[in-house]
Amino acid sequence: MKKITSLSLLAAAASMAVAEDKVSLQNLQYEESDQRIKVDDWVLSAELNPDVDNQITVNAGLDTISGASPAWQPKVTLERPDNFEDINQISGSPIYGYDPAGYEVRNVAVPDERRVSAGAGWLTRDKQRNELYVGADYSSEPDYLSRALSASYLWFTDSSKNTSVTIGASLQANQSKVFDAYFDTHWEDLKAFNLEVGLGQVVSTRSVLSGNVFLLRDSGYLTNHYQTILRQGDIDGDGVFETLLSAEHRPDLRRAAGASLKWMMQWRSYYATHSGYRLFQDDWGIQSHTLDFKQYLTPIDDLTLSLVWRYYNQSEADFYKDPESARPEFSIQGYGSSDHRMGEFSAQTFELGAAYEVVKGITLNAQVGEYDHSTDFSASWVAAGITFKR
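Residue numbers (the numbering used here): 201 to 590.
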């Protein structure tokens, strides 16, 4: 969805300027703590401006993912009782079996995967400089397929072009490969719809305020098929509840709403800040708050430094249980997840970046970042790229 993200504060002047064509190649190296997930991501993108009224963007990506993800696993081996089929009929999510020796959370290796992606967008402006944007994206990996369409329209409310209104929507049609109780795989569908309405206001020649409200609706298979939970049930009818290993089970519908506010300020010709707040609430019981602050400094010509800080906090989903709690087991039926991303936590992100135009038309950029999670999980990344302009 097209958003107001330009460093330029004068939207009208920016829309009338002749934009530069550019081609960019970027690489990201991402690594999680505790020998979890590693990502090597490459993206090639291009922006073409045939005239002042039209802009075309295209991108292609290739990344590889490897590593491990924590999940409940048997300490020794899984056994399957004689009434295994009946138990799975009752549960509503695949029951894999039970281990009399118990269970533990440990890293489970995920298959090395390669993902390819592509996207394209077209932005056009009318005589009043109002903007229409349409885009399409596609990505494919061995166990996930995603297709998305998006569109937005931005119009200025008067001739001064100091106030703009944006409405946009996106639709994703995805497929996920999932496991059944016998670890056989099949494909499940999931869809995601997003509707957003925004308002932008030029406060002064140095300041812009923007805000939006949004609605989200996800439906279909929303479970993470790599995550497991523990369920308790009387599998042999002797009145004693055994603990079984099961796939996690999330609702097949998620509705959410939220709002965000952003303030961009050019304090000096060489120093600007972007500040923002985002509120999110869904019907799974998760409420989140995001604060972010970005600084941009140009100490010398052709060099721009950036510093990003982001704070995130969320409440836990109604169906979440901490695997480290005294009673992490769920009943034999119903929703359940032990994925820490469904739990209550806070996190901070720090990123430092630099972009330098080494010669006219060629810019090098680099970023380093770190993500710190309140559950002692962390991640770090290094990114670098080159951009050619003409």
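Glycine included, each C-beta is placed from N, C-alpha and C at the ideal position.
- Secondary-structure assignment with DSSP links Thr-264 through a beta bridge to Asp-240 and Arg-314.
- Two segments are said to touch when three or more pairs of C-beta atoms, one from each, lie closer than 8 Å; by this definition the segment 387-394 touches the segment 364-377.
- The criterion of a C-beta distance shorter than 8 Å is not satisfied by Ile-486 and Ala-381.
- Bridge partners of Met-464 according to DSSP: Val-408 and His-474.
- Ser-339 sits in a strand when the DSSP states are folded into three classes.
- Here Ala-547 really is in contact with Tyr-571; their C-beta atoms are around 6 Å apart, less than 8 Å.
- Going by C-alpha positions, Ala-260 is about 15 Å away from Leu-345.
- Each of Gly-292, Asp-483 and Ala-583 was checked against the Cα of Asp-418, and the nearest Cα belongs to Asp-483.
- By the criterion of a C-beta distance shorter than 7 Å, Thr-385 is surrounded in its chain by Lys-377, Val-378 and Phe-379, once the five residues flanking it on both sides are discounted.
- Counting only residues of its own chain and dropping the five nearest sequence neighbours on each side, Lys-222 has a CB closer than 8 Å to the CB of Ala-246, Glu-247, Thr-587, Phe-588, Lys-589 and Arg-590.
- By the 16-neighbour rule on beta-carbons within 10 angstroms, Leu-444 is buried.
- Under the three-state reduction of DSSP, Phe-284 is assigned to helix.
- Judged by pairs of C-beta atoms under 8 Å, the segment 353-369 touches the segment 322-333, as three or more such pairs exist.
- Bridge pairing for Phe-414: Glu-396 and Gly-458 [DSSP].
- Between the alpha carbons of Lys-521 and Phe-577 lies a distance of about 17 Å.
- In terms of Cβ geometry, Ile-367 and Ser-350 do not form a close pair [threshold 8 Å].
- The count of Cβ pairs closer than 8 Å, one atom from the segment 277-291 and one from the segment 250-265, stays below three, leaving the stretches out of contact.
- In the three-state reduction of the DSSP assignment, His-540 falls in the helix class.
- Gly-536 and His-449 do touch by the CB rule: their CB atoms are close to 6 Å apart, below 8 Å.
- Taking Ala-472 as the centre and dropping the five residues before and after it, the same chain places the C-beta of Gln-466 and Tyr-496 closer than 6 Å to its C-beta, in chain order.
- In the three-state DSSP reduction, Ser-224 falls in the strand class (E or B).
- Comparing C-alpha distances from Ile-237 to each of Tyr-298, Arg-527, Val-308 and Leu-552 shows the shortest one belongs to Val-308.
- Taking 8 Å as the cut-off, the Cβ atoms of Trp-272 and Tyr-303 count as close.
- In the structure shown, Ser-291 adopts helical secondary structure according to DSSP, grouped into three states.
- Three or more Cβ pairs closer than 8 Å define a contact, and the segment 449-459 meets that threshold against the segment 523-541.
- Pairing Glu-516 with Val-316, the inter-Cα distance amounts to about 33 Å.
- Taking the Cα of Met-542 as reference, the smallest distance to any Cα among Asp-518, Gly-569 and Phe-550 is reached at Asp-518.
- Take Gln-567, set aside five residues on each side of it, and the residues of its chain with a beta-carbon closer than 6 Å to its own are Glu-551, Gly-553 and Ala-583, in chain order.
- Nearest neighbour of Arg-314 by Cα position, chosen from Leu-479, Tyr-338 and Asp-241, turns out to be Asp-241.
- In this structure, Ser-506 keeps its C-beta atom at 8 Å or more from the C-beta atom of Arg-478.
- The alpha-carbon separation between Glu-220 and Tyr-338 amounts to approximately 26 Å.
- Cβ-Cβ distances below 6 Å link Gly-319 to Asn-259 and Asp-337 in the same chain, with the five nearest sequence neighbours on each side left out; the list follows chain order.
- In the DSSP secondary-structure assignment, Lys-377 is bridged to Trp-387.
- Between the alpha carbons of Leu-332 and Ser-340 lies a distance of about 28 Å.
- Counting only the Cα atoms, Val-508 lies some 42 Å from Lys-275.
- The C-beta of Ser-404 has fewer than 16 other C-beta atoms within 10 Å across all chains shown, which makes the residue exposed.
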